[in-house]
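Residue numbers (the working numbering): 1 to 472. Heads up: the structure comes next, in structure tokens.
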Ligand code: BG6
């Protein structure tokens, strides 16, 4: 469908952008913050250390003023669990509460809606030592943390996101540096899917608690969802695409929305002795939780063909890409798509296809919590960043959202990655995503001075016209 007359973006569409605490804040051990798994992990050679990041902790006023200048209606950021609870449980850090109070109030000063992610890849180091998501106790730890957040910030925060990209943690956790995969094993084990299961129960408990404590707030998950294409019209490839869609996407969304495991994913886990132990109480908690919307990150689609079982299991080297599961689905490149400088396929039409599919399956409003282009940017001598490639990427994706809206999909907002340059999960700050450039490199912290990129001015116009003017 081409739509002769496009429907406009809704009046209160949440135009904004995203960050996550450990990638942007810095001040890793300042003002009483405890270490997270990100602070104690080995930094890959050549990537920036996270203790300063881009120092949003000390620059938040300046950063939010820049977001307000772009006209942001929303800012999605995550709360660092260990800034609030240095040991993960127990004692609350008043300085941590104060920081997020200030951050939230600063947003509200400019009528920017704070969208708060509760967990974004930064498990408290103290809880890591106690077994992290491997132990069922993690469900209660997360509920305790959720309660602290709702008590302290629930009077002002109306949009909550539980766990960022739980599916990526499970599928490629070690790339992100956060999930425990016992040495010599793959990601397809009972151990991994038990950790995954505890996250499903934990986020369900947090959703229930949110509805009890904050009846006016809205809460949803934030997985990374992208449609999986069959490499050809061969029926075997279609089955492979269904398989990988189930394991990558529907396992998560079926659990979040219906409180049930997806049958295809379950059957595959069973076949591979990777089924988690699920108690009756877990099932009841999962069933009782109801998200108000689906937050999701979209970067690209995946393409698979039938696997004869002889391939080697594994990912293509980055956290978003296809994966091969012998006997289930084999990852291939999509020859119809171009790639970013960092090797990620670019597929704006796949964005529309993904939201159409999600909406028809779940019928919940959709909030884009990430989307964006990681690229090498250059600061010119006169302080400019000509990132026309980023503008092009965003323009094409926003155009597809409007088509999806015209298809009848209920879209709540668009919060691309990232509001400001920050440290990539495993490729340093040389891989930049922001509308705002930060003067630092992987080798040197630099002046940390902020600069407006060309995309900054472009996005400002997009927001001012509520998505009607996408031109340069
Ligand atoms: C998402 C994560 O997977 O993609 C972000 O939620 C991450 O934390 C973003 O930074 C981009 O990925 P990367 O690997 O380029 O940093």
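Ideal Cβ positions, reconstructed from N, Cα and C, are used throughout, including at glycine.
Residue i vs residue j beta-carbon contact at 9 angstroms
i	j	result
residue 70	residue 435	yes
residue 139	residue 201	yes
residue 52	residue 27	yes
residue 199	residue 248	no
residue 391	residue 66	no
residue 40	residue 84	no
residue 290	residue 306	no
residue 135	residue 77	no
residue 423	residue 393	no
residue 244	residue 304	yes
residue 466	residue 144	no
Host alpha helix (DSSP H) of residue i (start-end)
i	result
residue 383	Careful: residue 383 lies outside any alpha helix (DSSP H) and carries neither H nor E.
residue 310	First-last for residue 310: undefined, no H or E at that position.
residue 420	No alpha helix (DSSP H) contains residue 420, which DSSP labels as neither H nor E.
residue 138	137-153
residue 276	Counting along the chain, residue 276 falls outside any alpha helix (DSSP H), and DSSP gives it neither H nor E.
residue 360	348-362
residue 368	Segment 366-370 is the beta strand (DSSP E) holding residue 368; no alpha helix (DSSP H) there.
residue 243	235-245
Residue i, enclosing beta strand (DSSP E) - first and last residue
i	result
residue 485	Since the first residue of the chain shown is 1 and the last is 472, residue 485 is not available in this structure.
residue 449	Counting along the chain, residue 449 falls outside any beta strand (DSSP E), and DSSP gives it neither H nor E.
residue 77	74-78
residue 99	Looking at the DSSP string, residue 99 is not in any beta strand (DSSP E); the run it does join, the alpha helix (DSSP H), is 94-109.
residue 205	Note, residue 205: premise wrong, no beta strand (DSSP E); alpha helix (DSSP H) at 190-213.
Alpha-carbon to alpha-carbon, residue j and residue i
i	j	result
residue 100	residue 374	27 angstroms
residue 339	residue 432	16 angstroms
residue 109	residue 367	23 angstroms
residue 285	residue 205	6 angstroms
residue 58	residue 137	34 angstroms
residue 104	residue 155	11 angstroms
residue 479	residue 232	In this structure the chain extends from 1 to 472, so residue 479 is not present and cannot be described.
residue 445	residue 439	8 angstroms
residue 472	residue 418	20 angstroms
residue 43	residue 50	8 angstroms
Nearest-angstrom beta carbon gap, residue j and residue i [assumed within contact, 8 angstroms]
i	j	result
residue 14	residue 415	7 angstroms
residue 442	residue 463	That pair is no contact at about 31 angstroms.
residue 190	residue 241	Incorrect: roughly 26 angstroms between the Cβ atoms, too far for contact.
residue 213	residue 150	5 angstroms
residue 120	residue 164	4 angstroms
residue 450	residue 106	No, residue 450 and residue 106 are not in contact; Cβ-Cβ is about 15 angstroms, not under 8 angstroms.
residue 227	residue 353	5 angstroms
residue 293	residue 173	In fact, because the Cβ distance is near 26 angstroms, the residues do not count as touching under 8 angstroms.
Contacts around residue i, its chain only, beta-carbon distance under 6 angstroms, and the 5 residues preceding and following it disregarded
i	result
residue 159	115, 218
residue 371	298, 397, 416
Contacting residues, own chain, Cβ-Cβ under 7 angstroms from residue i (five flanking each side not counted)
i	result
residue 141	88, 89, 127
residue 238	230
residue 255	200, 261, 286
residue 349	400
residue 269	193, 275
Cut-off 8 angstroms between Cβ atoms - residues of its own chain near residue i, not counting five sequence neighbours on either side
i	result
residue 283	259
residue 197	276, 277, 278, 282
residue 112	16, 64, 67, 68, 72, 73, 74, 75
residue 342	318, 374, 375, 427, 431
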